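Be aware that the sequence shown starts at 125, since it is given in our numbering, and climbs by one per residue.
We put the CB at the ideal spot given by N, CA and C, even for glycine.
Every value quoted in this text rests on a predicted model; they were computed, and no experiment measured them.
Contents: one structure, followed by commentary.
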Amino acid sequence: MLKTVDSISRMQTFVKILKKEGRTIGLVPTMGALHEGHLSLMRAAKTHTDVVVVSIFVNPLQFGPSEDFGKYPRDFARDEEMASRVGVDVIFCPKAEEMYPAGYSTYVNVEGLTEGLCGASRPGHFKGVTTVVTKLFSIVKPDIAYFGQKDAQQAFVIRRMVENLNMGIDIKVLPTIREKDGLAISSRNVFLSKEERREATALYVSLKKAESAVRGGEREPRAVIAAIEEVIRECPSAEIDYISIVDTQSLKDVTVIAGEVLIALAVTIGHTRLIDNTIMKV
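Next up, the structure:
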């Protein structure tokens, strides 16, 4: 039966019992508004660990002043039903005032990997992500934590943080789950109008065009980026934040497409910022 815990101390007590019993813990960190992408992570956790914990916490630290913290979709009853359906054992849903009490002043920052891509246009975002994930790891003490490739930069940053801080947690990054037309499933897709939803498929189409160009022998990043831009600019409501081709170790722009690269983009459709990416080995 699904257990819901909204207190840090109660979660810590429960974790102590699980650890004493020798049971392994899988953690799927989320901000709620669960969708099939989240569920795929939960199903994987069920196969790898004894106890699956899903955290639901809309983290204020990772939203900028002009971002959508206030309107971020929240429907706990729906999330609870979905988590129960896939066999999650525990939902951990701490309150913001307990996670960040008055006088809170401790943060975690991963340098280098957070400066480009989404980090360039969302200053402070990854500091908020790494801080909350560190707190979740400290409270839940997972053996394995699960993230999706759609948020590729986040996954690379978390993996580096775990390595650098010797946390001893296995980070599993699973493939992006998509709609039938290729659009990456995201909690923010609900904000798209019917026409914007149709235009949003351009992100996937442009990435497929990029993959085709690279497989066809194109090694010049500017040419591949231009091919992506050509697709995106056909959408009247699209505004490009960035299109980048970076090395997967440094997340720095490459001058020649070689080795393993991340082709990533962020595009605002109407008022909704969407991200997508693909990883290629050349």
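The C-alpha of Ala324 is placed about 20 angstroms away from the C-alpha of Ser336. With a cutoff of 8 angstroms on beta-carbon distance, Ile356 and Ile369 are scored as not near each other.
Within the region 195–222, complete beta strand (DSSP E) segments of at least 3 residues are found at 214–216, given in chain order.
Looking at the backbone, the Cα of Gln373 and that of Gln278 are separated by about 13 angstroms. In the structure shown, Thr255 falls within a helical segment according to DSSP collapsed to helix, strand and coil. Here Ser330 is buried. Its C-beta has 16 or more other C-beta atoms within 10 Å. Rounded to the nearest angstrom, the gap between the Cα atoms of Asp371 and Gly161 is 25 angstroms. The three-state secondary structure of Asp377, taken from DSSP, is strand. A distance below 8 angstroms separates the beta carbons of Ser179 and Leu260. Per DSSP, reduced to three states, the secondary structure at Ser179 is strand.
The region 338–357 and the region 309–320 do not touch, with fewer than 3 CB-CB distances between them shorter than 8 angstroms. Annotated as distal: Gly156 and Ala169, with beta-carbon spacing of 8 angstroms or more.
Considering only Met125, Met135 and Ile295, the residue with the shortest C-alpha distance to Gly211 is Met125.
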